[in-house]
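Going line by line, the protein sequences match chains A and B.
So in my numbering, the last spot in the first sequence is 213, and the numbers never skip.
So in my numbering, the last spot in the second sequence is 130, and the numbers never skip.
Beta carbons are placed, not taken as given, at the ideal position from N, Cα and C, and that holds for glycine.
So the structure is just underneath, and the comments pick up after that.
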Amino acid sequence: NAGVMQNPRHLVRRRGQEARLRCSPMKGHSHVYWYRQLPEEGLKFMVYLQKENIIDESGMPKERFSAEFPKEGPSILRIQQVVRGDSAAYFCASSPLPSAGQGIVTEAFFGQGTRLTVV
Amino acid sequence: KQEVTQIPAALSVPEGENLVLNCSFTDSAIYNLQWFRQDPGKGLTSLLLIQSSQREQTSGRLNASLDKSSGRSTLYIAASQPGDSATYLCAVKSEGGGADGLTFGKGTHLIIQP
């Protein structure tokens with residue numbers, strides 16, 4: 095059972111270009127989370143998706159950022175018109191459904207991340 | 017709004033020592049707390065997960081405790097080795113009302129000197 099797969103591992107974009115980051119969750123996981131880690135900062139939650147639904151995007155910047163998790167294929171984090179401040183490591187995590195009725199939330203498993211550099 | 021603080025920010029100790037990393041969180045309404053390890057330029061590796069109803073978890077030389085009411089957790093590393101050098105992150109999963117993701121501390125950068 096492969097872990098969470100993110101690609102590319104490293105991505106270089108010029109200012110104004112678009113960046114597309116992909117995340118394939120672990121087999122059987124239907125919940126995906128995206129986090130951003132800026133230099134010298136902790137990981138910050140961006141968005142939480144289930145298949146074909148955005149559940150919580152409270153951590154997403156209001157402009158230029160979008161995310162999707164289609165019925166088929168990986169989750170995509172898209173950054174339009176990138177700026178230097180977007181340079182960061184972007185991590186994806188996946189988890190299975192929490193156990194219904196037990197109040198126990200299962201752990202999330204993280205990918206290796208995509209390191210975006212905007213030049 | 018949940019905030020997670022980790023102390024110390026950096027720690028350097030000789031090989032073989034036992035050490036304690038600290039994590040505190042401001043809102044005790046959590047589902048669980050998780051300790052991760054992050055190596056330079058790499059992803060996160062989950063070390064230990066403690067559910068809110070639990071007091072501690074152990075894995076090998078690692079032991080994590082949770083005092084939910086006081087908003088504290090510690091990660092104890094026994095007989096440290098150079099291979100333990102990494103950044104250790106603490107993260108909590110808060111109960112409803114806030115963002116659905118984990119809230120992370122900034123980490124403790126640990127160096128074990130050979």
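Quick check on residue i: buried or exposed, where buried means 16 or more other Cβ atoms within 10 Å of its Cβ?
| i | result |
| --- | --- |
| residue 130 of chain A | buried |
| residue 26 of chain B | exposed |
| residue 179 of chain A | exposed |
| residue 20 of chain B | buried |
| residue 141 of chain A | buried |
| residue 152 of chain A | exposed |
| residue 176 of chain A | buried |
| residue 169 of chain A | buried |
| residue 53 of chain B | buried |
| residue 132 of chain A | exposed |
| residue 93 of chain B | buried |
| residue 48 of chain B | buried |
| residue 55 of chain B | exposed |
| residue 89 of chain B | buried |
| residue 17 of chain B | exposed |
| residue 167 of chain A | exposed |
| residue 76 of chain B | exposed |
| residue 58 of chain B | exposed |
Confirm, please, whether the CB-CB distance from residue j to residue i is below 9 Å.
| i | j | result |
| --- | --- | --- |
| residue 66 of chain B | residue 98 of chain B | no |
| residue 107 of chain B | residue 118 of chain B | yes |
| residue 183 of chain A | residue 158 of chain A | no |
| residue 202 of chain A | residue 73 of chain B | no |
| residue 96 of chain B | residue 38 of chain B | no |
| residue 119 of chain A | residue 188 of chain A | yes |
| residue 125 of chain A | residue 100 of chain A | no |
| residue 103 of chain A | residue 212 of chain A | no |
| residue 78 of chain B | residue 60 of chain B | no |
| residue 190 of chain A | residue 97 of chain A | no |
| residue 120 of chain B | residue 136 of chain A | yes |
| residue 149 of chain A | residue 100 of chain B | no |
| residue 105 of chain B | residue 80 of chain B | no |
Mind pulling the chain B residues with CB within less than 9 Å of residue i?
| i | result |
| --- | --- |
| residue 201 of chain A | 48, 50, 62, 65 and 109 |
| residue 149 of chain A | 116 |
| residue 185 of chain A | 59 and 60 |
Please compile the residues from chain A whose C-beta is within a distance smaller than 8 Å of the C-beta of residue i.
| i | result |
| --- | --- |
| residue 123 of chain B | 136 |
Run down chain A in chain order and give the residues with a C-beta less than 9 Å from the C-beta of residue i.
| i | result |
| --- | --- |
| residue 120 of chain B | 129, 131, 136, 137, 138 and 139 |
| residue 58 of chain B | 206 and 207 |
Ignore the nearest five residues each way along the sequence and tell me which others in residue i's own chain have a CB closer than 7 Å to its CB.
| i | result |
| --- | --- |
| residue 130 of chain B | 31 and 98 |
| residue 28 of chain B | 127 and 129 |
| residue 206 of chain A | 100 and 103 |
| residue 86 of chain B | none |
| residue 138 of chain A | 129, 130 and 153 |
Should residue i be flagged as near chain C, meaning a C-beta pair shorter than 9 Å?
| i | result |
| --- | --- |
| residue 105 of chain B | You won't find chain C in this structure, because its protein chains are A and B. |
Could you name the residues of the same chain whose beta carbon sits closer than 6 Å to that of residue i, not counting the 5 residues immediately before and after it, in chain order?
| i | result |
| --- | --- |
| residue 112 of chain A | 174 |
| residue 45 of chain B | 111 |
| residue 115 of chain A | 171, 184 and 208 |
| residue 84 of chain B | 44 and 68 |
| residue 162 of chain A | 170 |
| residue 197 of chain A | Unreliable placement is indicated for residue 197 of chain A, whose pLDDT of 49 sits below 50; the coordinate value is still reported in the next sentence. The answer is none, since no qualifying residue turns up. |
Checklist entry - Which ranges does the beta strand (DSSP E) cover as unbroken runs of at least 3 residues, wholly within the stretch 102 to 140 of chain A, from first to last along the chain? => result Fully enclosed beta strand (DSSP E) runs of 3 or longer: 104 to 107, 113 to 118 and 125 to 131.
Next on the checklist: Extract the residue ranges of the beta strand (DSSP E) inside the stretch 40 to 76 of chain B, only unbroken runs of 3 or more that lie entirely within it.
Outcome noted: 46 to 54, 60 to 67 and 72 to 75
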